[in-house]
Structure formats: C-alpha cells, structure tokens
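Everything on this sheet refers to the single structure shown next.
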Amino acid sequence: MRRRAEGSGARQGAAAKRLGWIAAIALATASLPACETQQPYAACDLDEEVTKTGVCSGDGSLGTGTTSCVVTKHPHCTDGICLSYFGNGSVCSSPCTEDAECGDGFCWAFDKDSNERYCVPNSQKQ
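The opening position of the sequence shown corresponds to residue 0 in numbering that gives the first Met the number 0, with each subsequent residue numbered one higher.
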C-alpha cells in the first residue's frame, strides 16, 4: 500500500512541475512583441517583373505618369494590392466600395467595367 501512495505523490509532483513549466512558457510568450501592422498606403515596388503580374491601363509606360497599374498578389502588401495611380508612387492599397473606407484617401474605380475599386491616398489626387 505504501508504494502506491509514494507513486501517486511522485506523479502529482511531476504534474505540478509540468504545470509550472507551462505557466513559465505562457508568461514568456505573452511578453513577445506582436507582429507589426502595415501603415496605410505603405510604399511597394512595381518593377517590370511585378507589373507583368498585374493589370495596367493608359498610354505610355509606368515611368511616364500616364499609366495606372494594379497588382493584386503583391508579396509586400497586407491585402496583396499594390497600385500606381496615374504614375504616382506605387502604394499598398485595399479594396473598397466608398470613400469612407479609405481613411486619408478616396475609393477609385480602376476598371469601370468590372467595378474594381481600390483606396488611393489623397496625396495622389490629381
């Protein structure tokens, strides 16, 4: 009988030790910094290779300021959308249906036929 009681106490001690380690790990991970969130309209790169994966409209090249481009699977943008609004600097964007969704920006219809609309910063308004 005595053995059983000793074995039970050893198991309880091991269980308490495990709980102590679990609590220590939980406390350590709780103090880790959270992932950074992307700033609205963060800059993104639309080089020639990336531009091939998107849709561009207008006359001229991206550098002339007459072409608008939208890439919907950009690896550096939270929502995957990188756009250039009439050749202005390319920025990360998000889909929208109205201006109120765009913070310090406006909701722009990239392709009127398909109702594709994206947020563009007010600083790029022409």
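All C-beta atoms in this analysis are idealised placements derived from N, C-alpha and C, irrespective of residue type, glycine included.
State yes or no: is the C-beta of C100 within less than 8 Å of the C-beta of C118?
-> Sequence index remark: in the sequence shown, residue 100 carries index 101 (1-based). Sequence index remark: in the sequence shown, residue 118 carries index 119 (1-based). First, the amino acid is wrong: residue 100 is Glu here, not Cys. Yes. Within cutoff.
Pair within 8 Å by beta-carbon distance, I80 and T71 = Numbered from its first residue, the sequence shown carries residue 80 at position 81. Numbered from its first residue, the sequence shown carries residue 71 at position 72. Yes. Within cutoff.
Neighbourhood of N121 by C-beta, 7 Å cutoff - its chain only, sequence neighbours within 5 removed | Stepping through the sequence shown from its first residue, residue 121 is reached at position 122. Closer than 7 Å at the Cβ level, and outside the excluded window around N121, lie D103, G104 and F105.
Report yes if the CB atom of H73 is closer than 8 Å to the CB atom of C95, and no otherwise.
-> Numbered from its first residue, the sequence shown carries residue 73 at position 74. Numbered from its first residue, the sequence shown carries residue 95 at position 96. Not a contact, by the Cβ cut-off of 8 Å.
Grouping DSSP H, G and I as helix and E and B as strand, with all else coil, what is S92?
-> Within the sequence shown, residue 92 is the residue found at index 93, counting from 1. S92: strand per DSSP, three-state reduction.
May I ask you to list the residues that DSSP assigns as paired with E115?
-> The residue given as residue 115 occupies position 116 in the sequence shown. E115 pairs with D110.
Residue interval of the beta strand (DSSP E) (run including L82) | The count along the sequence shown starts at 1 and reaches residue 82 at position 83. Where L82 is concerned, the enclosing beta strand (DSSP E) stretches over I80 to S83.
For G42, the three-state DSSP class (helix, strand or coil) | Numbered from its first residue, the sequence shown carries residue 42 at position 43. Looking at the sequence shown, residue 42 is not Gly but Ala. Three-state DSSP puts A42 in a strand.
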